[in-house]
Amino acid sequence: MDANRPACVEGMTLVLAALLLSGPGCSAPGETPPAGGPPGSTSPGAAIGTDPLPTAGPGAQVQRRDAAPPAGCVAVRGVGFGSDEAQARSQALTLAHDEAARRRGTAVKAWLYDVMSSSGDEHFEVGSVQSAQVSIAGATHRVVDLQTQHGRVRVELELYVPREQIEPARVLDELMTAPAPLPRLREFATRAEGRGDVPAAHLAYQRMFQLETRADDLLQLVALYEGQGELESAILVLDRWASQVQPRDPRLDARRTTLAERLADPHADVAALLSSAARMPPGALALRPDHDRASVHDAVRVRGAVARDLPLLLVWFDGQSIGVLASYDSAELATGRLDVDLDYYDPELGRVDTTEFVPGPVSLLAVACSPLAMPPTPIDLSACERGDMAQRRRLRQCLDTLQELLRRPGARAQVLGWDQIDE
Numbered sequence: 053m054d055a056n057r058p059a060c061v062e063g064m065t066l067v068l069a070a071l072l073l074s075g076p077g078c079s080a081p082g083e084t085p086p087a088g089g090p091p092g093s094t095s096p097g098a099a100i101g102t103d104p105l106p107t108a109g110p111g112a113q114v115q116r117r118d119a120a121p122p123a124g125c126v127a128v129r130g131v132g133f134g135s136d137e138a139q140a141r142s143q144a145l146t147l148a149h150d151e152a153a154r155r156r157g158t159a160v161k162a163w164l165y166d167v168m169s170s171s172g173d174e175h176f177e178v179g180s181v182q183s184a185q186v187s188i189a190g191a192t193h194r195v196v197d198l199q200t201q202h203g204r205v206r207v208e209l210e211l212y213v214p215r216e217q218i219e220p221a222r223v224l225d226e227l228m229t230a231p232a233p234l235p236r237l238r239e240f241a242t243r244a245e246g247r248g249d250v251p252a253a254h255l256a257y258q259r260m261f262q263l264e265t266r267a268d269d270l271l272q273l274v275a276l277y278e279g280q281g282e283l284e285s286a287i288l289v290l291d292r293w294a295s296q297v298q299p300r301d302p303r304l305d306a307r308r309t310t311l312a313e314r315l316a317d318p319h320a321d322v323a324a325l326l327s328s329a330a331r332m333p334p335g336a337l338a339l340r341p342d343h344d345r346a347s348v349h350d351a352v353r354v355r356g357a358v359a360r361d362l363p364l365l366l367v368w369f370d371g372q373s374i375g376v377l378a379s380y381d382s383a384e385l386a387t388g389r390l391d392v393d394l395d396y397y398d399p400e401l402g403r404v405d406t407t408e409f410v411p412g413p414v415s416l417l418a419v420a421c422s423p424l425a426m427p428p429t430p431i432d433l434s435a436c437e438r439g440d441m442a443q444r445r446r447l448r449q450c451l452d453t454l455q456e457l458l459r460r461p462g463a464r465a466q467v468l469g470w471d472q473i474d475e
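Sequence positions in the sequence shown follow the working numbering and run 53 to 475.
Now the structure itself:
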């Protein structure tokens, strides 16, 4: 599986990518943001307000100044220390930005998790919560306390962040209750797009779709995710809202088909797993299929030596599906031998699936390890190819589980293969 796609958004590092000069800014009273950042700024060229406070001399203290945040902004405080004012101010500014990113990420994630829990769209977590990596645009700051004591400078400042960036869901709630909300929501989405803030734009479009679902708006949101390389999220957006567009717009189905064709090949992921397993030491595993009975229409006979002290899992792979054939605990393998007839049982059908014969090779993965874990199956690989997000998520979980089993200390694996016989 793609190692760059974390299965869980929890624990994502909050990274401040850069400060961008875009979107509606907010300046402290009496301040005009300069073209460049202050000395020691982590993002040169960002919209950072100057501060008229004089530099404190040795042993001096500057009177504290407190002021209400500018209209439409939220104040985030940061405290920094350094050998000089520039170093202390830079540290305070960095810490304030980190705190703003943390608050923003918490707010966006809380809203998205609420959506997932209420709608069942838990797979929306894929690629759609990278909110803290978005730049804070148009922020200014004011130093509220500056002291120098014994050669060490302490700076306390307030970073003024536009509310729609740090708490977008709350601002959108207010817009929803305002007169003529649709134009206001569309303006919010446009500003978010302009600063590359896909999560905030997603929230705005979602509110718009509650009032009116237009194909052009839906395609614009899809394009945002596509531009970020989040093809699965783009498909999920279409799956979630395309049915609300009336009359049905053929562009939506065409875009979904195009996106599905660009998804990673599920067969390549399966092949990578089996290749990794085939390179592992088999240890005591020395299984073989009985080719006289290796048919999808009949039981598959598997026989040979197994590890006496390790549980065993047998997983079936063909060009169409993945399924668990059997699992055994170590007590069932005390003889060190296995000789069984195994049916490829489809629990959704409640019987052996013989409705469709899939000619070609079959792979049987045998994994001996402790403790044993069961991967989610069955999996329809054809549905994965069509862009079925539920099946693709299930496939990812299955392969991740099997990879984890293969990495366990003392794990042994063997890959058996044969051609199916149509008889």
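A virtual CB, placed ideally from N, CA and C, is assigned to each residue, including glycine.
Are the CB atoms of residue i and residue j nearer to each other than 8 Å?
i           : j           : result
residue 498 : residue 394 : There is simply no residue 498 to check, as the chain begins at 53 and stops at 475 in what is shown.
residue 360 : residue 386 : yes
residue 465 : residue 329 : yes
residue 454 : residue 325 : yes
residue 224 : residue 256 : yes
residue 354 : residue 307 : no
residue 315 : residue 304 : no
residue 153 : residue 207 : no
residue 219 : residue 138 : no
residue 341 : residue 376 : no
residue 267 : residue 278 : no
residue 430 : residue 374 : yes
residue 444 : residue 318 : yes
residue 205 : residue 133 : yes
residue 217 : residue 189 : yes
residue 283 : residue 311 : yes
residue 259 : residue 228 : yes
residue 276 : residue 294 : no
residue 261 : residue 298 : no
residue 130 : residue 148 : yes
residue 335 : residue 390 : no
residue 434 : residue 369 : no
residue 238 : residue 230 : no
residue 451 : residue 321 : yes
Kindly indicate the opening and closing residues of the alpha helix (DSSP H) around residue i.
i           : result
residue 453 : 441-459
residue 269 : 267-279
residue 250 : 250-263
residue 247 : Careful: residue 247 lies outside any alpha helix (DSSP H) and carries neither H nor E.
residue 315 : Note, residue 315: premise wrong, no alpha helix (DSSP H); not H, not E.
Tell me where the beta strand (DSSP E) around residue i begins and ends.
i           : result
residue 353 : 352-357
residue 211 : 204-214
residue 378 : 373-380
residue 415 : 413-420
residue 471 : 464-471
residue 391 : 389-394
residue 433 : Where residue 433 is concerned, there is no enclosing beta strand (DSSP E), although the alpha helix (DSSP H) it sits in stretches over 433-437.
residue 365 : 364-369
Does residue i come out as helix, strand or coil in the three-state DSSP assignment?
i           : result
residue 334 : coil
residue 196 : strand
residue 342 : coil
residue 130 : strand
residue 296 : helix
residue 227 : helix
residue 234 : helix
residue 425 : coil
residue 81  : Residue confidence for residue 81 is low, a pLDDT of 38 falling below 50, so the modelled location carries little weight and cannot support an answer.
residue 62  : Residue placement at residue 62 is flagged as unreliable, the pLDDT there being 32, under the threshold of 50; a coordinate-derived value is accordingly withheld.
residue 183 : Because the pLDDT at residue 183 is just 44, under 50, the model does not fix this residue reliably, and the value given afterwards should be weighed accordingly. The answer is helix: DSSP assigns residue 183 an H, G or I state.
residue 67  : Confidence in residue 67 is poor, its pLDDT being 24 and thus under 50, which makes the residue's placement unreliable; the coordinate value appears in the next sentence. Coil at residue 67, not helix or strand.
residue 283 : helix
Say yes only if the C-beta of residue i is nearer than 7 Å to one or more non-hydrogen atoms of the ligand ATP, and no if none qualify.
i           : result
residue 218 : Among the components of this structure there are no ligands whatsoever, and the ligand ATP is therefore not found.
| field | Three CB pairs or more closer than 8 Å across the segment 228-248 and the segment 199-213 | value | no
| field | Contact between the segment 412-420 and the segment 362-369 (3+ Cβ pairs under 8 Å) | value | Flag = yes, the segment 412-420 and the segment 362-369 touch.
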